[in-house]
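Student: Residue numbers (our numbering): 183 to 544. The beta carbon of each residue, even a glycine, is placed where N, CA and C say it ideally should be.
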Ligand SMILES: *Cc1c(COP(=O)(O)O)cnc(C)c1O
């Protein structure tokens with residue numbers, strides 16, 4: 183088959199290795215693992231790797247992805263981790279066995295939708311601990327919701343509670359923060375008179391607690407996306423290294439469409455770029471540059487992709503072109519050559535949603 187670019191090469195073997203590394207970390211600490219697949223738009227080939235590695239749940243924020251996973255024959259229980267829209271509950275009960283919830287009105291409607299299907303659906307009530315995205319902030323309302331699910335909504339099972347950290351509010355998942363979450367979980371347990379099965383203590387940003395050995399004992403489930411599929415946040419932002427994690431499960435390939443020596447500072451009166459920004463341009467004289475045929479439309483921010491080869495640097499991008507400095511590249515780069523880039527969560531969410539980017543598995 184003739185190659186077409188841009189494409190995204192996915193190394194399923196390396197993905198599988200990463201899942202096993204994180205799963206082993208969790209196993210040693212009595213923590214169940216939900217493999218979150220939304221960071222790469224959750225195709226079934228990848229979900230199968232999570233299933234083979236034996237994760238307890240496959241999780242996504244998007245029902246489309248969970249539906250695709252189920253259609254691909256994956257039997258691992260699915261978890262919807264974006265609190266549900268009222269308008270998607272009928273689909274939710276078919277796409278997921280578990281869901282995160284934070285609104286009493288939605289819980290009541292969900293119970294009805296599940297009743298029509300004639301099964302039981304497991305809910306995890308989200309508890310707000312300061313990151314300020316989803317979750318019950320008022321403890322009274324949290325307890326009210328828990329009692330409602332426990333006693334009055336026959337088609338729902340209160341599987342547990344969960345917390346979100348390090349998302350909107352950039353709040354760190356410290357031992358103290360997660361202990362706050364455990365305290366709220368125990369308040370729920372006291373009110374319903376039994377232990378909860380699941381205390382879901384966050385995502386990738388909670389992995390340092392396992393590495394430091396100070397995860398509150400009662401936290402027994404994590405929902406990990408980035409830390410498995412990309413492995414870049416731990417070293418780059420939290421300064422932890424998880425031994426053996428592959429940071430190149432995904433490699434982006436784009437084709438060179440122009441190579442020319444040009445000035446580095448624009449010539450003329452400067453206003454704004456194609457996206458209304460006023461970038462700063464460093465004048466480094468005349469340098470050799472390459473344009474590759476991929477742009478912001480495909481990956482979002484050009485500085486969230488990183489050339490694999492030494493000596494190649496991203497200068498910037500417009501919708502459909504990315505401008506590279508290749509003055510210091512270790513080889514002659516010509517029109518038609520292919521340049522490889524490492525990607526991260528923030529670029530993958532766009533790349534894997536772009537109809538212009540093909541997947542290649544190996
Ligand atoms: C995206 C998401 C996760 C996974 O986050 P990572 O940082 O990728 O591990 C976990 N929980 C919820 C509710 C999410 O939305």
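Can you look up residue 403 in the DSSP assignment and give me helix, strand or coil?
Tutor: As a first step, residue 403 is located in the chain shown; it is residue number 221 there, counting from the start. Note: residue 403 maps to strand in three-state DSSP.
Student: State yes or no: is the C-beta of residue 526 nearer than 7 Å to some heavy atom of ligand 1?
Tutor: Taking the first residue of the chain shown as position 1, residue 526 is located at position 344. Every heavy atom of ligand 1 is 7 Å or more from the Cβ of residue 526, so no.
Student: How is the alpha helix (DSSP H) around residue 305 delimited, first residue to last?
Tutor: Sequence index remark: in the chain shown, residue 305 carries index 123 (1-based). Segment 303-309 is the beta strand (DSSP E) holding residue 305; no alpha helix (DSSP H) there.
Student: Tell whether a beta-carbon distance below 8 Å holds between residue 198 and residue 226.
Tutor: The residue given as residue 198 occupies position 16 in the chain shown. The residue given as residue 226 occupies position 44 in the chain shown. Going by C-beta atoms, residue 198 is not nearer than 8 Å to residue 226.
Student: List the endpoints of the continuous alpha helix (DSSP H) containing residue 196.
Tutor: Within the chain shown, numbered from 1, the residue matching residue 196 stands at position 14. Segment 194-210, the alpha helix (DSSP H) holding residue 196.
Student: So is residue 338 buried or exposed if we call it buried at 16+ other beta carbons inside 10 Å?
Tutor: Here residue 338 is taken as the residue at index 156 of the chain shown, counted from 1. Looking at its Cβ environment, which holds 16 or more other Cβ atoms inside 10 Å, residue 338 is buried.
Student: For residue 283, which residues does DSSP report across the bridge?
Tutor: Working through the chain shown from its first residue, we reach residue 283 at position 101. Residue 283 pairs with 307.
Student: Could you give the DSSP three-state label for residue 480: helix, strand or coil?
Tutor: In the chain shown, the residue the question calls residue 480 occupies position 298. Helix.
Student: Under the criterion of a Cβ to heavy atom distance below 7 Å, does residue 243 qualify as lining ligand 1?
Tutor: For the purposes of this step, residue 243 is taken as residue 61 along the chain shown, with counting starting at 1. Checking the Cβ of residue 243 against ligand 1 gives yes.
Student: Counting only runs that start and end within the segment 325-374, where is the alpha helix (DSSP H) found for 4 or more residues in a row?
Tutor: 357-374, all fully within the segment 325-374.
Student: Note down, in chain order, each residue of its chain lying with its Cβ closer than 7 Å to the Cβ of residue 212, except the 5 sequence neighbours on either side.
Tutor: Numbered from 1 along the chain shown, position 30 holds the residue referred to as residue 212. These residues qualify, in order along the chain: 402.
Student: At a cut-off of 7 Å, would you count residue 406 as near ligand 1, judging by its Cβ distance to the nearest heavy atom?
Tutor: Numbered from its first residue, the chain shown carries residue 406 at position 224. Yes - ligand 1 has a heavy atom lying nearer than 7 Å to the Cβ of residue 406.
Student: Alpha carbon to alpha carbon, what distance is there between residue 260 and residue 303?
Tutor: Here residue 303 refers to the residue found at position 121 of the chain shown. Here residue 260 refers to the residue found at position 78 of the chain shown. One C-alpha to the other measures close to 11 Å.
Student: What first and last residue would you give for the alpha helix (DSSP H) that runs through residue 251?
Tutor: Numbered from 1 along the chain shown, position 69 holds the residue referred to as residue 251. First-last of the alpha helix (DSSP H) with residue 251: 245-253.
Student: What's the gap between the Cα of residue 317 and the Cα of residue 355?
Tutor: Taking the first residue of the chain shown as 1, we reach residue 317 at position 135. Taking the first residue of the chain shown as 1, we reach residue 355 at position 173. Approximately 16 Å between the Cα atoms of the pair.
Student: Is the beta carbon of residue 512 sitting closer than 8 Å to the one on residue 437?
Tutor: Mapped onto the chain shown, residue 512 falls at position 330. Mapped onto the chain shown, residue 437 falls at position 255. Not a contact, by the Cβ cut-off of 8 Å.
Student: Could you have a look at residue 316 and say whether DSSP puts it in helix, strand or coil?
Tutor: Sequence index remark: in the chain shown, residue 316 carries index 134 (1-based). Coil at residue 316, not helix or strand.
Student: Does the separation of the CB atoms of residue 389 and residue 350 fall below 8 Å?
Tutor: Counting from one through the chain shown, the residue named residue 389 turns up at place 207. Counting from one through the chain shown, the residue named residue 350 turns up at place 168. Not closer than 8 Å, so no.
Student: Would the beta-carbon of residue 504 be found less than 7 Å away from any heavy atom of ligand 1?
Tutor: Looking up residue 504 in the chain shown gives position 322. Not so, every heavy atom of ligand 1 lies at least 7 Å from the Cβ.
Student: State the Cα-Cα distance for the pair residue 208 and residue 223, rounded to the nearest angstrom.
Tutor: Position 26 of the chain shown, counted from the start, is the residue given in the question as residue 208. Position 41 of the chain shown, counted from the start, is the residue given in the question as residue 223. Those two C-alpha atoms are separated by around 24 Å.
Student: Are the beta-carbon atoms belonging to residue 510 and residue 524 less than 8 Å from one another?
Tutor: Along the chain shown, read from residue 1 onward, the residue named residue 510 stands at position 328. Along the chain shown, read from residue 1 onward, the residue named residue 524 stands at position 342. Result no, Cβ atoms of residue 510 and residue 524 do not sit closer than 8 Å.
Student: So, do the segment 434-454 and the segment 405-418 have three or more beta carbon pairs nearer to each other than 8 Å?
Tutor: Touching, no.
Student: What residue range is occupied by the uninterrupted beta strand (DSSP E) comprising residue 488?
Tutor: On the chain shown, residue 488 is found 306 positions in, with the first residue counted as 1. Unbroken beta strand (DSSP E) run through residue 488: 487-489.
Student: Hey, residue 242 and residue 265: beta-carbon distance below 8 Å or not?
Tutor: Residue mapping note: residue 242 aligns to position 60 of the chain shown, counting from 1. Residue mapping note: residue 265 aligns to position 83 of the chain shown, counting from 1. Result no, Cβ atoms of residue 242 and residue 265 do not sit closer than 8 Å.
Student: With respect to 7 Å, is the separation between the Cβ of residue 435 and the closest non-hydrogen atom of ligand 1 below this value?
Tutor: The residue given as residue 435 occupies position 253 in the chain shown. Outside the cutoff, so no.
Student: Exposed or buried, what is residue 353 when buried is set at 16 or more other beta-carbons lying within 10 Å of its beta-carbon?
Tutor: Indexing the chain shown from 1 puts residue 353 at position 171. Burial call: buried.
Student: I think residue 237 touches residue 253, with their Cβ atoms under 8 Å apart; what is that distance to the nearest whole Å?
Tutor: If you number the chain shown from 1, residue 237 lands on position 55. If you number the chain shown from 1, residue 253 lands on position 71. With 8 Å as the limit, residue 237 and residue 253 do not qualify as a contact, their Cβ atoms being about 19 Å apart.
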